[in-house]
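S.K.: Residue numbers (our numbering): 44 to 625.
Virtual Cβ for every residue (Gly too), placed ideally from N, Cα, C.
Below you will find the structure I want to go over with you.
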Amino acid sequence: MSRPRTPVRRFTAPLTAGLLAAGALALPAQQAHAAGSVVKVTGTQGNWQLTVDGSPYRIKGLTWGPAVADADRYLPGLKSMGVNTIRTWGTDATSKPLFDSAAAHGIKVIAGFWLQPGGGPGSGGCVNYVTDTAYKNQMLDEFPKWVQEYKNNPGILMWNVGNESVLGLQNCYSGAELERQRDAYTTFVNDVAKKIHGIDPDHPVTSTDAWVGAWRYYKKNAPDLDLYAVNSYNAVCDIKSAWEQGGYTKPYIVTETGPAGEWEVPDDANGVPQEPTDQAKADGYTRAWNCVTGHQGVALGATMFHYGTEYDFGGIWFNLLPAGQKRLSYYAVKRAYGADTAHDNTPPVITGLSVEGDAGKVQAGRDLTLSVRATDPDGDPLAYEVLDNSMYIDQSRQLVPLPFTDLGSGRLRITAPDRPGVWKMYVKATDGKGNVGVETRSVRVVPPTVDGTDIALGRAATASSYQTGGGDCPCPAAGAVDGKPATRWASDWSDPQWLQVDLGSRTTFKHVQLVWETSYAKAYTIQTSDDGQNWRTVRQVTDGNGGVDDFDVAGTSRYVRVNGTARGTGWGYSLYAFGVYS
């Protein structure tokens with residue numbers, strides 16, 4: 044389902060954590076519901092359908108992101124989109140209010156059970172499915188308990204055991220052992236399915252993985268599954284041929300799909316995945332649904348990804364309503380599911396976003412201008428917001444609003460981030476009617492250009508300490524004066540620490556530039572010396588925040604030193620560059 048990329052990037056697990064951790068909510072008393080529906084997979088090879096109480100049922104769904112406590116708030120909106128099903132990843136004592144609210148709104152739930160290593164590459168812990176009988180027995184006790192609890196709830200459509208673990212096991216094992224584990228995992232899924240069927244014969248059991256290649260393990264080891272399930276984004280239209288070529292004898296559902304994911308797109312000029320435009324994302328949902336419905340009699344529907352409200356890195360990539368605001372993708376899904384959009388006020392459309400100047404050499408802390416082209420189909424006035432994100436520097440998912448100056452004609456001026464590396468810049472356009480358009484571009488932030496010659500470049504450097512191993516280390520003092528942006532000096536995790544450079548002879552300088560790694564100094568001094576023993580302070584900093592520090596500092600000496608007295612993090616001090624300019 045994805046081009047080779049190590050590690051493969053996914054967003055599923057973080058987005059579902061809120062649901063799994065949410066506490067139960069006492070909802071207002073509702074009318075008593077009848078006993079749960081009888082849901083069956085009926086038909087013959089290549090001519091299957093799902094039925095609910097005897098009536099045909101095609102899953103028109105979305106994966107569920109909001110907290111259980113917000114079910115009554117959001118489910119009416121899903122219903123208005125033509126959604127008849129939501130999918131969850133975990134079922135426990137907190138699930139009842141969601142199931143009840145879904146039933147009250149005429150919506151069914153594909154209720155998930157989480158197994159490690161769930162969420163595909165990089166997610167979850169490693170389990171030995173060959174030998175870890177304690178874990179397997181725990182799950183065999185836990186899952187059926189909740190099936191017994193909720194099997195008569197009219198909100199339940201089916202049970203879904205696991206999420207992307209066949210793929211995720213590759214992060215735990217390799218070679219022949221990986222094959223043994225995948226066989227053992229899918230055999231265990233079958234054990235769970237049999238136990239669920241023994242308790243609840245009225246709801247199907249499926250199991251989700253991230254690629255159709257997993258289905259051969261289910262075919263071999265899990266005959267008690269009623270149907271298969273797969274998460275597939277840009278490759279969703281390839282499922283039909285894979286099913287046909289695999290000789291499968293069960294129908295399937297698509298439990299996550301939508302536009303191309305981060306792991307499926309080419310890199311941009313700055314070497315990071317090029318996020319599709321809002322319009323391309325909307326088209327991705329339309330295309331996915333057309334391919335699902337195009338596999339008549341085999342594909343029984345889909346829960347597309349994602350009815351989430353997070354306004355973060357993954358939320359902007361996939362959520363239909365980040366921060367509760369509706370996007371083009373929201374309306375694309377609504378149209379796909381046959382709901383009326385004729386009278387909807389629709390989102391602003393951003394048809395262009397560019398970075399003025401060289402997006403590969405944006406100077407830290409200097410002016411940066413973004414140029415945006417946006418219109419509103421309904422003629423609503425637009426309001427802009429500019430945000431940035433440092434995912435590709437420090438794995439932060441957070442989007443940070445930035446002050447900006449509106450220069451007119453769609454030109455928005457901001458101050459570039461102070462920390463070198465590849466940042467994502469976002470422009471958000473809102474119409475005041477609950478709709479939003481969002482586009483993003485990457486910029487590579489570099490240290491500001493300094494007039495003069497770096498007289499510390501390549502000179503002998505020493506330090507109070509340095510890290511000898513771990514990560515990208517060893518990180519000796521020379522790493523800060525070698526002119527290479529990816530090498531650094533890193534100290535022990537204690538105060539104080541210092542780094543000094545020997546200029547060779549008494550030399551006059553006028554400027555110092557420090558480029559900090561994540562481990563920066565909150566308090567430090569810049570000092571000079573003629574003998575390396577007696578030091579004079581020429582600059583003192585007490586409010587350091589990392590990034591790039593540029594100082595006009597005049598001095599004449601042989602040695603220049605950065606003396607850190609208070610770390611800004613729990614780690615040591617770390618400098619990518621220590622430049623002294625004449």
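Assess, as a yes-or-no matter, whether the stretch 467 to 477 is touched by the stretch 411 to 426 under the definition of 3 or more beta carbon pairs within less than 8 Å.
M.R.: Contact between the stretch 411 to 426 and the stretch 467 to 477 is established, with three or more Cβ pairs separated by less than 8 Å.
S.K.: Consult DSSP for LEU425 and reduce its assignment to one of helix, strand or coil.
M.R.: As a first step, residue 425 must be located in the sequence shown, where it is residue number 382. LEU425 falls in the coil class under three-state DSSP.
S.K.: Roughly how many whole angstroms lie between the Cα atoms of LEU442 and VAL465?
M.R.: To locate residue 442, count along the sequence shown from 1; it is residue 399. To locate residue 465, count along the sequence shown from 1; it is residue 422. A direct Cα-Cα distance of roughly 14 Å separates LEU442 from VAL465.
S.K.: Checking 8 Å against the spacing of the C-beta atoms, do ASN333 and GLY304 come in under that value?
M.R.: Position 290 of the sequence shown, counted from the first residue, corresponds to residue 333. Position 261 of the sequence shown, counted from the first residue, corresponds to residue 304. No, they are not a contact pair.
S.K.: Grouping DSSP H, G and I as helix and E and B as strand, with all else coil, what is MET468?
M.R.: As a first step, residue 468 is located in the sequence shown; it is residue number 425 there, counting from the start. MET468 falls in the strand class under three-state DSSP.
S.K.: Alpha carbon to alpha carbon, what distance is there between PRO519 and LYS527?
M.R.: By 1-based counting over the sequence shown, the position of residue 527 is 484. By 1-based counting over the sequence shown, the position of residue 519 is 476. Approximately 13 Å between the Cα atoms of the pair.
S.K.: Extract the residue ranges of the beta strand (DSSP E) inside the stretch 537 to 561, only unbroken runs of 3 or more that lie entirely within it.
M.R.: Those beta strand (DSSP E) runs which fall completely within the stretch 537 to 561 and span 3+ residues are 540 to 559.
S.K.: Find the nearest neighbour of TYR295 within the set THR176, CYS516, TYR261, judged by alpha-carbon distance.
M.R.: On the sequence shown, residue 295 is found 252 positions in, with the first residue counted as 1. Taking only the C-alpha atoms, the option nearest TYR295 is TYR261.
S.K.: So does the stretch 168 to 176 actually touch the stretch 132 to 144, counting three or more Cβ pairs closer than 8 Å?
M.R.: no
S.K.: Let's test the definition: count the other Cβ atoms within 10 Å of the Cβ of GLY66 and tell me whether it reaches 16, buried, or not, exposed.
M.R.: One-based indexing of the sequence shown puts residue 66 at position 23. No answer about GLY66 holds up, because its pLDDT of 31 lies below 50 and its placement is not dependable.
S.K.: Contact defined as beta carbons within less than 8 Å: I believe TYR328 pairs with SER275. What is the distance between those atoms, to the nearest angstrom?
M.R.: The sequence position of residue 328 within the sequence shown is 285, counting from 1. The sequence position of residue 275 within the sequence shown is 232, counting from 1. Incorrect: roughly 13 Å between the Cβ atoms, too far for contact.
S.K.: For ALA375, which three-state DSSP category applies?
M.R.: Mapped onto the sequence shown, residue 375 falls at position 332. Helix.
S.K.: Got a sec? Which residues, its chain only, sit under 7 Å from GLY590 by beta carbon, not counting five neighbours each side?
M.R.: Residue mapping note: residue 590 aligns to position 547 of the sequence shown, counting from 1. Result list for GLY590: ALA407, ASP461, ARG462, TRP559, in chain order.
S.K.: What distance in whole Å lies between the Cβ atoms of THR300 and VAL279, which are believed to be in contact at a cut-off of 8 Å?
M.R.: Taking the first residue of the sequence shown as 1, we reach residue 279 at position 236. Taking the first residue of the sequence shown as 1, we reach residue 300 at position 257. Confirmed, Cβ separation roughly 5 Å.
S.K.: According to DSSP, simplified to helix, strand and coil, what is VAL99?
M.R.: In the sequence shown, residue 99 corresponds to position 56, counting from 1. The question names Val, but residue 99 in the sequence shown is Pro. DSSP places PRO99 in strand when its eight states are reduced to three.
S.K.: Could you have a look at GLN368 and say whether DSSP puts it in helix, strand or coil?
M.R.: Start at 1 with the first residue of the sequence shown, and residue 368 comes out as number 325. Residue state, collapsed to three classes: coil.
S.K.: I want to check one thing, is the minimum distance from the CB of ASP437 to the heavy atoms of the ligand HEM below 7 Å?
M.R.: Among the components modelled here there is no ligand, and therefore nothing to report on the ligand HEM.
S.K.: Over the uninterrupted alpha helix (DSSP H) stretch that includes ASP437, give me the two end residues.
M.R.: As a first step, residue 437 must be located in the sequence shown, where it is residue number 394. Residues 434 to 437.
S.K.: Around the C-beta of ARG409, are 16 or more other C-beta atoms found within 10 angstroms, so that it is buried, or is it exposed?
M.R.: In the sequence shown, counting from the first residue as 1, residue 409 sits at position 366. Exposed, by the Cβ-count rule.
S.K.: Whose C-alpha, out of PRO319, ARG130, LEU413, ALA136, is nearest the C-alpha of PHE361?
M.R.: On the sequence shown, position 318 is the one that residue 361 refers to. Per the Cα distances, PRO319.
S.K.: With which residues is LYS151 paired in a DSSP beta bridge?
M.R.: Along the sequence shown, read from residue 1 onward, the residue named residue 151 stands at position 108. Note: LYS151 sits in a beta bridge opposite THR128.
S.K.: Decide if SER80 is buried, meaning its Cβ has at least 16 other Cβ atoms within 10 Å, or exposed.
M.R.: For this step, residue 80 is matched to residue 37 along the sequence shown. SER80 should be labelled buried.
S.K.: Who are PHE621's beta bridge partners in DSSP?
M.R.: Locating residue 621 in the sequence shown gives position 578, where the first residue counts as 1. In the DSSP output, where bridge partners are listed per residue, PHE621 has LEU557.
S.K.: For LEU618, count neighbouring Cβ atoms within 10 angstroms of its own Cβ and tell me buried if that reaches 16, exposed if not.
M.R.: Taking the first residue of the sequence shown as 1, we reach residue 618 at position 575. By the Cβ neighbour-count rule, LEU618 is buried, with 16 or more other Cβ atoms within 10 Å of its own.
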